[in-house]
Amino acid sequence: QGQMVQEPKEEKERQQEDRALSPLELWANVEPRDEELIVSDEVLHEAQQAFDRKEVVFLHHVLLAAFPVLGTLNAAKRALRRGNVRVNDNLEKAHDTVAPPAGSRLSLRLGAAECAHPDLQQRLEAWNSKSSRPEAQVRVLFEDREAGWAVVNKPAGLHSRPCCYDKGRLTLEAYLPAVLAPPLCGTPCCRPRLCHRLDFRVCGPVVVGTSEEAVRSIKRAFEERTVHKEYRAIVCGTPGKKGDSFVVEAPLDGEGARTEVKILRVVPCPHFGQLSELELRPVTGRHQQLRRHCAQTLGTPIVNEERPLFEAATSAWRERTGSDLPTYISRGGGNLFLQAVEVTMPLQAKDAVVVRVDVSERFEKLLQTSTRAWRDGWRMDAEGRTYRV
């Protein structure tokens, strides 16, 4: 007769306590741990070789060589700035601190959670109360606490991370401790960390890491281009016929950029002649790649694109249609008609995880409104004045 194996009482009690606490309370309860080693000649040599330092080796170089859990040089620099590094019991925070000599005792504090913004839970509830539309909510789409990662919906009108020109507003990353709990395994990050970003005006799924190990693994997957993303857009005009599939390869900022395009629908439009619904799959991840490829390369700017980028479509529009680009107008409330709808994450020894969201209802509404207006005889002249035929 088989022996029944019961889960340890302590583990069951811990899981019950976790379920009773909010994610914010769980992050506050994360206990940091200190890792320590004696700097050796081998570690100093590895740091010098890894970063091709001919003369001066800095402390952050040694940190990454000594503690691979940090993953990147930027993470080593952050550990210094946050006061998580000591050399011979002396706190070191300067980015230009020279590497300590062999025999020095080097310690690194891991898993020290950052303080969340005051009233974060209330701020999150206030944000989510502004709209009942699913794509406008900060919400968890997928979570694996064992593996230390998740997928969260980013609303449009919210920065992914802090930016230099809008520091006073909370970002998606700032809200994450209120929706995602710490990992059950591995080294907890100081807070949930975005592994990529979406533009301010774009909504959709974003991959987040809660453990340092998961963040390194996910970022490596992005670098190796094994993470796949799909977007939906409505553009002014059409780059082809319904059902056409093609690849846009046009460099951006001096680097190669590749986007896979499929035309899902083409409908009449009083102002632009036609509107097209596109499926977009970026193979590379350049700054505003999809928006720039649609406008500058295809000559079909996304509906409600920012005026400078809309006008950047002038040459490609004229080449494609033989006519001038219509005047700029806003449609459907002014929001950009670009949405991330799917992300596929590879997993070792498992099937990939595919997280998909519904396309916003406003996409269908715009296409139907445009079609109905055309059928009712509405047109627009070159100056943007409407008239009925």
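Note that the sequence shown ends on residue 717 in the numbering used here; no numbers are left out.
Here a beta-carbon is modelled for each residue, glycine too, at the ideal position from N, C-alpha and C.
Residue range of the alpha helix (DSSP H) that includes residue i
{"i": "P610", "result": "No alpha helix (DSSP H) contains P610, which is instead part of the beta strand (DSSP E) from G601 to P610."}
{"i": "R503", "result": "Residue identity check: residue 503 is Tyr in the sequence provided, not Arg. First-last of the alpha helix (DSSP H) with Y503: L500 to Y503."}
{"i": "V371", "result": "D369 to A378"}
{"i": "R473", "result": "Note, R473: premise wrong, no alpha helix (DSSP H); not H, not E."}
{"i": "E551", "result": "E540 to E551"}
{"i": "A404", "result": "L401 to R409"}
{"i": "A701", "result": "E689 to R703"}
{"i": "A680", "result": "Per DSSP, A680 belongs to no alpha helix (DSSP H); it is in the beta strand (DSSP E), K678 to R684."}
{"i": "R619", "result": "Q617 to R620"}
{"i": "E463", "result": "Here E463 belongs to no alpha helix (DSSP H), and DSSP marks it neither H nor E."}
{"i": "A356", "result": "P351 to A356"}
Opposing strand residues paired with residue i [DSSP bridges]
{"i": "T714", "result": "M708"}
{"i": "R433", "result": "I366"}
{"i": "C564", "result": "L603"}
{"i": "A668", "result": "Y559"}
{"i": "E588", "result": "V575 and R609"}
{"i": "C531", "result": "Q667"}
{"i": "L438", "result": "R361"}
{"i": "V385", "result": "V385 is not bridged to any residue."}
{"i": "V397", "result": "In DSSP, V397 forms no bridge with anything."}
{"i": "G650", "result": "For G650, which the question treats as bridged, DSSP gives no partner whatsoever."}
{"i": "R414", "result": "L419 and S435"}
Per-residue DSSP class, three states only, for residue i
{"i": "N481", "result": "strand"}
{"i": "D572", "result": "coil"}
{"i": "L419", "result": "strand"}
{"i": "T515", "result": "coil"}
{"i": "H487", "result": "coil"}
{"i": "C523", "result": "coil"}
{"i": "A640", "result": "coil"}
{"i": "L452", "result": "helix"}
{"i": "L580", "result": "strand"}
{"i": "L391", "result": "helix"}
{"i": "R659", "result": "coil"}
{"i": "R614", "result": "coil"}
{"i": "P596", "result": "strand"}
{"i": "R635", "result": "helix"}
{"i": "L675", "result": "strand"}
{"i": "Q329", "result": "Because the pLDDT at Q329 is just 41, under 50, the model does not fix this residue reliably, and the point stays unresolved."}
Among the options, nearest to residue i - alpha-carbon criterion
{"i": "A464", "options": "G439, R703 and V687", "result": "V687"}
{"i": "A348", "options": "A509, R684, I562 and D709", "result": "A509"}
{"i": "W702", "options": "E689, V480, E711 and V717", "result": "V717"}
{"i": "R548", "options": "P446, G565 and C523", "result": "C523"}
{"i": "N387", "options": "G439, V415, Y715 and G660", "result": "Before going further, note that residue 387 is Leu rather than Asn in the sequence given. Measuring from the Cα of L387, the nearest candidate turns out to be V415."}
{"i": "F600", "options": "D581, E607, I657 and A585", "result": "I657"}
{"i": "R529", "options": "H487, E541, C518 and Y559", "result": "H487"}
{"i": "T649", "options": "E634, A668 and P567", "result": "P567"}
{"i": "P505", "options": "C597, P483 and H445", "result": "H445"}
{"i": "E633", "options": "P462, C518 and D527", "result": "D527"}
{"i": "L664", "options": "A561, E692, P654 and L626", "result": "A561"}
{"i": "R461", "options": "A475, Q450, P483 and Y503", "result": "P483"}
{"i": "D581", "options": "E711, K405, Q617 and Q377", "result": "Q617"}
{"i": "M708", "options": "A427, V685, L653 and K693", "result": "L653"}
{"i": "C531", "options": "N357, E420, V685 and H423", "result": "V685"}
{"i": "L606", "options": "I630, T625, S459 and R586", "result": "I630"}
{"i": "R586", "options": "R635, P351, V384 and K557", "result": "K557"}
{"i": "S368", "options": "A427, G660 and G565", "result": "A427"}
{"i": "V507", "options": "I366, L354, T672 and R437", "result": "L354"}
{"i": "E711", "options": "F691, R521, A378 and P598", "result": "P598"}
{"i": "G565", "options": "R635, V594, D380 and R521", "result": "V594"}
{"i": "V671", "options": "R406, S459, R361 and N481", "result": "N481"}
Element boundaries [beta strand (DSSP E), containing residue i]
{"i": "I630", "result": "Neither: I630 is in no beta strand (DSSP E) and is coded neither H nor E."}
{"i": "M426", "result": "In the sequence as displayed, the identity of residue 426 is Val instead of Met. Segment: none, V426 is in no beta strand (DSSP E) and carries neither H nor E."}
Residue i: CB within 7 Å of a non-hydrogen atom of the ligand MN
{"i": "V595", "result": "The ligand content of the structure shown is nil, which means the ligand MN is not present either."}
Chain B contact for residue i (CB, 8 Å cutoff)
{"i": "R451", "result": "Protein chain content of the structure displayed is limited to a single chain, and chain B is not contained in it."}
Counting Cβ pairs closer than 8 Å, one from the region 428 to 441 and one from the region 463 to 477, do we hit at least three? no
Is it the case that the region 533 to 545 contacts the region 615 to 623, given that we only count it when at least three CB pairs across the two stretches are under 8 Å? no
Cβ contact check for the region 636 to 651 and the region 571 to 589: 3 or more pairs under 8 Å: no
Is the region 445 to 459 in contact with the region 404 to 414, if contact means three or more CB pairs nearer than 8 Å? no
Touch test, the region 600 to 616 against the region 552 to 564, Cβ-Cβ under 8 Å, three pairs minimum: yes
Determine contact between the region 505 to 521 and the region 556 to 572, defined as no fewer than three beta-carbon pairs at a distance below 8 Å. no
So, does the region 390 to 407 touch the region 360 to 373, judging by three or more C-beta pairs under 8 Å? yes
Three or more beta-carbon pairs under 8 Å between the region 644 to 654 and the region 587 to 594, yes or no? When C-beta atoms of the region 644 to 654 are compared with those of the region 587 to 594, fewer than three pairs fall below 8 Å, so the two segments do not count as touching.
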